[in-house]
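According to the numbering used here, the sequence shown is numbered sequentially starting from 284. Down below is the structure, laid out as structure tokens.
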Amino acid sequence: MLYSSKVIKMYDIDFIITRLNRVIRRKPNLHWHNSRLYYESEYNMVIVLGGKAKYIINSEEIYLKKNDVIIFPPGIVRAGYTDKSDPWEFITINFNLELNEDGKEFFDKKYLLFNNIGTNIHDKFLNIAYLWEGKNPLFAVKCKALISDILYELIRSFLPHSKMPRSEELEAVRTYIQANFREKLSIEALAERMELSVSYFRKLFTRAYGQSPQQYIISLRINTAYDLLESGEANVSEAAILSGFEDIYYFSTLFKKQTGLSPSQVLHTNNKGV
284 MLYSSKVIKM
294 YDIDFIITRL
304 NRVIRRKPNL
314 HWHNSRLYYE
324 SEYNMVIVLG
334 GKAKYIINSE
344 EIYLKKNDVI
354 IFPPGIVRAG
364 YTDKSDPWEF
374 ITINFNLELN
384 EDGKEFFDKK
394 YLLFNNIGTN
404 IHDKFLNIAY
414 LWEGKNPLFA
424 VKCKALISDI
434 LYELIRSFLP
444 HSKMPRSEEL
454 EAVRTYIQAN
464 FREKLSIEAL
474 AERMELSVSY
484 FRKLFTRAYG
494 QSPQQYIISL
504 RINTAYDLLE
514 SGEANVSEAA
524 ILSGFEDIYY
534 FSTLFKKQTG
544 LSPSQVLHTN
554 NKGV
């Protein structure tokens, strides 16, 4: 079953590659074209290894060059043509995906185009093609793992913080918060890590991650407490302390506000048979 955030929605795109259908590597061919490409239930992901090409969806023309990756969801009819003056070389991968709701929202567009991908993703495509051709034991498992890695990197490049000014420093602060959210964290001290004013730090963080630093800290604490209660690993007081709350009453009030359930309801509902 796909994970679905129970408490506070952040970036919870999730997917499972349920089937790998085919992997094809095409060498440059100035006569290559396909006037009707269509897959009823398969996602199609293509990387341009060299040369140029274009796809046409209705009247929209999509031009591709070396190190571009394009993903088509099921049901999209398109035509594809190589550039005869610079024929493309490419790898195309067809697979089935099971997606959660956020995943469907992200993937189910006419297409997703990623320009100038790095060598890390490029090399993973080459490895997938090599594994598919050899079909040694467990090749499909390894291929699906590599496709998952590719999709992770591509999705990550679409997230708002990746396009923000000082995005690496912001991500370092977010990582620091995630590692230390159970401790007392000062927004002022977090802002100082980037040598920013509190107001500007809060503005950048909110734009990048969709919630303020304080909201992010609370979401981590509430999600942690929820997991502890749901699993039966802690009672209400223990869950509060282990997730970073000192005031049990404040924890209970905030927990219910965020989840719609009291901590004791989560504890008792999910542990009746324990």
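Positions of the beta carbon are idealized from the N, C-alpha and C atoms, including for glycine.
According to DSSP, is residue i part of a helix, a strand, or is it coil?
i	result
K348	coil
P420	coil
V481	helix
P546	helix
N399	coil
G363	strand
K427	helix
N377	strand
K338	The sequence as given places Tyr at residue 338; Lys does not occur at that position. Y338 falls in the strand class under three-state DSSP.
H551	helix
L468	coil
E436	helix
In angstroms with no decimal places, state the Cα-to-Cα distance between residue i and residue j.
i	j	result
Q494	W415	42 angstroms
F441	G401	14 angstroms
P420	K427	14 angstroms
D366	P311	10 angstroms
E344	D351	15 angstroms
L396	L303	21 angstroms
F534	S547	12 angstroms
A455	L320	43 angstroms
Y509	Q461	16 angstroms
I307	I353	15 angstroms
K348	I330	9 angstroms
N341	G363	12 angstroms
R485	S450	14 angstroms
T458	N317	46 angstroms
F355	Y413	23 angstroms
V290	G543	Its pLDDT being 39, under 50, V290 is placed unreliably by the model, and nothing is read from it.
V557	G515	Interpretation of V557 is limited by its pLDDT of 44, a score under 50 that renders its predicted location unreliable; the figure taken from the coordinates is listed afterwards. Distance between the alpha carbons of V557 and G515 is about 8 angstroms.
N383	F389	10 angstroms
K540	R465	20 angstroms
Out of the options, which has the shortest C-alpha to C-alpha gap to residue i?
i	options	result
K337	E323, D369, K310 and F389	D369
K387	L503, D432, L468 and I296	I296
I300	L313, H314, M328 and W315	M328
How many whole angstroms separate the CB atoms of residue i and residue j, which I take to be in contact at a CB cut-off of 8 angstroms?
i	j	result
F408	L453	Incorrect: roughly 29 angstroms between the Cβ atoms, too far for contact.
L512	L550	5 angstroms
N377	R305	5 angstroms
G334	E372	6 angstroms
Which runs of the alpha helix (DSSP H) spanning at least 4 residues fall entirely within the stretch 301 to 335, listed in chain order?
You should have found no qualifying run.
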